Amino acid sequence: MDRYKSNLVCCLVYRVYMIASSFHVLDCDLKQLCSKFYKNGFPKDFVEECISRVLNRFYEPKEPVVSVPRKEVLMVMPYLGNMSIVLKRDILKLVRKFYPSVDVKFVYKRGFRISNLFKFKDCFPLKCKSGIVYSIQCNKCGQSAAYIGKTKNTLFERFYG
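Read left to right, the sequence shown gives residues 547 to 707 (the numbering used here).
Below you can see the structure in the form of structure tokens.
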């Protein structure tokens, strides 16, 4: 039906609800209002739908209004396929229910792999490395006369080559 007719029915139902002092008075007034709508050619389904829409606004539970700022929490989880998605959905549902002021963000990381157990490259022994900074002390003078240098060649070639 027309939007204006819908607003008319809803407005009158709202007035009856606000003025009625008890449920008995509300019931009688709504029946009387419905009979007037039916006499004026309004369909029964349309009138009942408008009445239920108005009354549901008063009797359905409302979402709580959060007055505190929302805190973001970052959660890092390994990605394990569909199981990770189901777990994310369950955690979000619980957090929204018990902590409405918390906003949880999920980050998935790569799961465990065998390659994580091994180093990517082998380490060279110290004597095979170049660019090493070294210090040599004089046997006679001690620490006061020490030479500090850096090798261009390998350490082995510098001292033994």
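A virtual CB, placed ideally from N, CA and C, is assigned to each residue, including glycine. Just so you know, these numbers come straight off a predicted model, no measurement behind them.
Tell me, please, which residues DSSP counts as bridged to residue i.
i: M621; result: F652
i: K696; result: V679
Helix, strand or coil: how does DSSP classify residue i here?
i: K634; result: helix
i: S598; result: helix
i: S581; result: helix
i: S661; result: helix
i: S690; result: strand
i: C556; result: helix
i: C674; result: helix
i: Y645; result: coil
i: F588; result: coil
At what residues does the beta strand (DSSP E) containing residue i begin and finish?
i: V679; result: 679–684
From what residue to what residue does the alpha helix (DSSP H) around residue i run?
i: V614; result: No alpha helix (DSSP H) contains V614, which DSSP labels as neither H nor E.
i: Y706; result: 701–706
Please report the distance separating the alpha-carbon of residue i from that of residue j.
i: A691; j: N685; result: 9 Å
i: N699; j: I637; result: 58 Å
i: P624; j: K667; result: 25 Å
i: R492; j: L672; result: This structure cannot settle anything about residue 492, because the visible part of the chain is limited to 547 through 707.
i: R656; j: V650; result: 20 Å
Give the C-beta separation of residue i and residue j to the nearest angstrom, bearing in mind that I take them to be a contact with Cβ-Cβ under 8 Å.
i: V619; j: S647; result: Contact flag wrong, Cβ pair sits at about 11 Å.
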